[in-house]
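Order-wise, the sequence lines are chains P and E. If you count by my numbering, then the first sequence holds residues 31 to 143, one letter each, in order. If you count by my numbering, then the second sequence holds residues 6 to 326, one letter each, in order. Just so you know, even glycine gets a beta-carbon here, dropped at the ideal spot from N, CA and C. One structure is given below, encoded as structure tokens.
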Amino acid sequence: MEGNTLLLLLIVFTLSFLVGSLIYLIGGKISAKSKEKKSEKNIPYACGEKPPPIKEVRINLERFFIFAVYFLIFDVFAFIIAISSSAPWHLPTIYSLVVLMAVFTFLISRRHV
Amino acid sequence: MLQETLTLLFQLLIFPGAAFLILLAFISEWVDRKVVARIQSRFGPLYTGPSGVLQPIADFLKLLSKEDITPDGVEKPIFTISPIIYFSLSLTALFLIPILSETALVNFEGDLIFLIFISTLITITVFLAGYSSASSFSIIGSIRSALQMLGYEIPLSLAFIGPALAAGTLSLSGIVKWQISHGIWTVFLQPLGFGVILICFLAELEFVPFDIPEAETEIVAGWRTEFSGRKLALLKLGRDLELLLASALTTSLYLGGAQPVSFVPPALTFLIKIFFVVFLFSLFRALFARFRIDQMISGMWKHLIPLAILQILLIILNVGR
Numbered sequence: 031m032e033g034n035t036l037l038l039l040l041i042v043f044t045l046s047f048l049v050g051s052l053i054y055l056i057g058g059k060i061s062a063k064s065k066e067k068k069s070e071k072n073i074p075y076a077c078g079e080k081p082p083p084i085k086e087v088r089i090n091l092e093r094f095f096i097f098a099v100y101f102l103i104f105d106v107f108a109f110i111i112a113i114s115s116s117a118p119w120h121l122p123t124i125y126s127l128v129v130l131m132a133v134f135t136f137l138i139s140r141r142h143v
Numbered sequence: 006m007l008q009e010t011l012t013l014l015f016q017l018l019i020f021p022g023a024a025f026l027i028l029l030a031f032i033s034e035w036v037d038r039k040v041v042a043r044i045q046s047r048f049g050p051l052y053t054g055p056s057g058v059l060q061p062i063a064d065f066l067k068l069l070s071k072e073d074i075t076p077d078g079v080e081k082p083i084f085t086i087s088p089i090i091y092f093s094l095s096l097t098a099l100f101l102i103p104i105l106s107e108t109a110l111v112n113f114e115g116d117l118i119f120l121i122f123i124s125t126l127i128t129i130t131v132f133l134a135g136y137s138s139a140s141s142f143s144i145i146g147s148i149r150s151a152l153q154m155l156g157y158e159i160p161l162s163l164a165f166i167g168p169a170l171a172a173g174t175l176s177l178s179g180i181v182k183w184q185i186s187h188g189i190w191t192v193f194l195q196p197l198g199f200g201v202i203l204i205c206f207l208a209e210l211e212f213v214p215f216d217i218p219e220a221e222t223e224i225v226a227g228w229r230t231e232f233s234g235r236k237l238a239l240l241k242l243g244r245d246l247e248l249l250l251a252s253a254l255t256t257s258l259y260l261g262g263a264q265p266v267s268f269v270p271p272a273l274t275f276l277i278k279i280f281f282v283v284f285l286f287s288l289f290r291a292l293f294a295r296f297r298i299d300q301m302i303s304g305m306w307k308h309l310i311p312l313a314i315l316q317i318l319l320i321i322l323n324v325g326r
């Protein structure tokens with residue numbers, strides 16, 4: 031039964047993705063097309079000014095990723111601690127230690143970024 | 006076997022499935038627009054269909070038929086796929102919510118964690134959509150949406166846990182069953198959690214007090230600036246589905262969900278409750294003015310998280326069970 035449910039979850043996600051792609055394809059069929067290939071329409075929007083070069087604007091995705099993982103660790107940690115109030119005492123303790131190890135590993139690996 | 010497969014396919018595609026959910030999303034957008042317009046002494050959608058109920062569908066079709074421009078300098082794969090992902094994530098999450106009866110189409114122990122995961126993933130898709138385009142406005146918008154997530158994510162997941170703790174199960178269908186069998190809605194037991202979840206969903210939906218990532222007076226259209234045509238149509242539809250998802254989750258967790266009341270079928274009570282929650286969201290949207298990003302983050306951490314933790318403590322201390 032459990033395996034069946036998880037398979038159904040996968041089917042549901044695939045189905046939603048297919049519906050999305052179908053709408054995208056239909057949009058491609060019925061939409062208006064422009065004749066000229068190179069036009070001023072394709073310039074990024076910048077309110078009449080010259081757009082700044084993309085290297086200056088874009089943020090560093092690697093550093094963002096590190097912060098995102100930190101956040102994820104603490105988020106899941108808060109969740110587990112909150113629902114483990116009735117569990118035996120050693121389970122939350124072990125989980126806290128695992129979290130501490132994860133944070134420590136990331137502190138070491140952040141030197142490269 | 007064939008009969009079963011066909012029934013499942015019908016359920017997935019038509020009735021409580023994709024077509025029904027998309028239609029419901031359009032209608033909830035109409036309710037939202039109409040309520041906000043009436044509060045601001047405007048008429049809102051008026052001409053397409055009876056009092057404009059078909060207007061969101063007309064808008065969607067119009068956007069589909071517009072030209073799809075891919076600006077120079079975008080990361081093309083992410084730019085193309087993020088609207089589809091945004092749409093399909095919200096649609097997937099809606100299948101986990103009990104609509105027709107007290108059991109959902111897809112339910113397993115622990116689907117609450119999966120729902121939290123999806124709601125985080127939606128925001129990350131928003132970040133990627135803004136990041137992949139080359140305009141400075143969209144990049145500012147996407148950074149703001151990621152920053153905003155730091156504020157509301159923790160109180161939101163704590164507000165998800167409250168009913169789960171009271172019901173003693175991590176499955177949404179289990180929580181709905183618990184409320185029906187006890188004959189009481191969780192909102193009367195945990196009013197604090199209900200307030201927290203409403204505010205957090207306002208932030209997740211980027212509705213007015215927290216519409217910082219797409220503040221149109223500051224940064225044009227925020228992270229959606231560069232999208233056009235079919236991609237924008239998918240993003241708008243995904244936003245409607247997200248609104249439906251937020252109201253359906255609030256209904257199932259706090260307002261009793263799909264509950265049979267004497268001769269009224271559970272689906273009807275569920276729809277009435279959903280539109281009530283959408284009405285609440287539109288009220289907030291019409292009543293408040295936009296916060297600054299620093300006000301939003303510090304307010305969330307200083308006021309909302311302590312309130313959410315207080316609610317969890319109250320449940321653990323057996324207050325209001």
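Between the CA atoms of residue j and residue i - distance to the nearest angstrom
i: Phe142/E; j: Tyr136/E; result: 10 Å
i: Val49/P; j: Ser138/E; result: 24 Å
i: Glu219/E; j: Phe43/P; result: 28 Å
i: Leu254/E; j: Lys65/P; result: 46 Å
i: Lys241/E; j: Ile224/E; result: 18 Å
i: Lys307/E; j: Glu70/P; result: 47 Å
i: Leu96/E; j: Gly243/E; result: 8 Å
i: Leu69/E; j: Arg297/E; result: 34 Å
i: Val106/P; j: Ala112/P; result: 10 Å
i: Gln316/E; j: Tyr54/P; result: 44 Å
i: Leu207/E; j: Ser126/P; result: 32 Å
i: Asp216/E; j: Arg295/E; result: 7 Å
Contact belief for residue i with residue j at Cβ below 8 Å, rounded distance in angstroms
i: Leu344/E; j: Asp37/E; result: Because chain E in this structure spans residues 6 to 326, residue 344/E falls outside the shown range and cannot be described.
i: Val58/E; j: Ile27/E; result: Not confirmed; about 15 Å, so no contact.
i: Ser51/P; j: Ile89/E; result: 6 Å
i: Ala109/E; j: Leu177/E; result: 6 Å
i: Ile118/E; j: Leu175/E; result: 7 Å
i: Gly234/E; j: Asp73/E; result: 3 Å
Nearest to residue i (by Cα), restricted to the options the options
i: Phe122/E; options: Ala134/E, Leu292/E, Leu94/E and Pro311/E; result: Leu94/E
i: Trp190/E; options: Phe206/E, Ala169/E and Glu209/E; result: Ala169/E
i: Ser287/E; options: Gly261/E, Pro214/E and Ile148/E; result: Pro214/E
i: Ala172/E; options: Ile89/E, Ser257/E, Leu250/E and Glu221/E; result: Ser257/E
i: Trp183/E; options: Gly262/E, Glu209/E and Gly156/E; result: Gly262/E
i: Leu312/E; options: Phe289/E, Glu231/E, Thr222/E and Phe199/E; result: Phe199/E
i: Val99/P; options: Glu79/P, Ala76/P, Lys80/P and Val129/P; result: Val129/P
i: Leu318/E; options: Ser267/E, Thr85/E and Ala164/E; result: Ala164/E
i: Val133/P; options: Ala112/P, Phe101/P and Pro122/P; result: Phe101/P
i: Lys71/E; options: Phe47/P, Leu45/P and Ile56/P; result: Ile56/P
i: Ile180/E; options: Ser106/E, Glu221/E and Phe280/E; result: Ser106/E
i: Phe2/E; options: Lys236/E, Ala226/E, Phe193/E and Glu231/E; result: Because chain E is modelled from 6 through 326, residue 2/E falls outside the range shown and cannot be assessed.
i: Cys205/E; options: Phe289/E, Ile277/E and Phe232/E; result: Phe289/E
i: Leu239/E; options: Pro21/E, Lys67/E, Trp35/E and Thr10/E; result: Lys67/E
C-beta contact flag for residue i and residue j at 8 Å
i: Pro83/P; j: Ser140/E; result: no
i: Ser162/E; j: Val131/E; result: no
i: Ile96/P; j: Phe136/P; result: yes
i: Val201/E; j: Pro160/E; result: yes
i: Thr53/E; j: Ala42/E; result: no
i: Tyr91/E; j: Ile127/E; result: yes
i: Ala291/E; j: Gln60/E; result: no
i: Ser246/E; j: Leu99/E; result: Per the sequence presented here, residue 246/E reads as Leu, with Ser not at that position. Yes, the Cβ-Cβ distance between Leu246/E and Leu99/E is below 8 Å.
i: Ile302/E; j: Leu203/E; result: no
For this session: Please list the residues of the stretch 63-74 of chain P that have a C-beta atom closer than 9 Å to any C-beta atom in chain E, keeping them in chain order.
Result: Listed in sequence order: Lys63, Ser64, Lys71, Asn72, Ile73 and Pro74.
For this session: Note down, in chain order, all residues in the stretch 163-192 of chain E with a beta-carbon under 8 Å from any beta-carbon belonging to chain P.
Result: If the cut-off is 8 Å between Cβ atoms, the stretch 163-192 of chain E has Leu163, Ile166, Ala169, Leu170 and Leu175 near chain P.
Exercise. Relative to chain P, which residues along the stretch 53-71 of chain E have a C-beta separation below 7 Å, given in chain order?
Worked result: Answer set for the stretch 53-71 of chain E: Leu69, Ser70 and Lys71.
Exercise. For the stretch 82-103 of chain E, which residues have a CB atom closer than 7 Å to at least one CB atom of chain P, in sequence order?
Worked result: Under the 7 Å Cβ criterion, the stretch 82-103 of chain E contributes Ile89, Phe92, Ser93, Leu96, Thr97 and Phe100.
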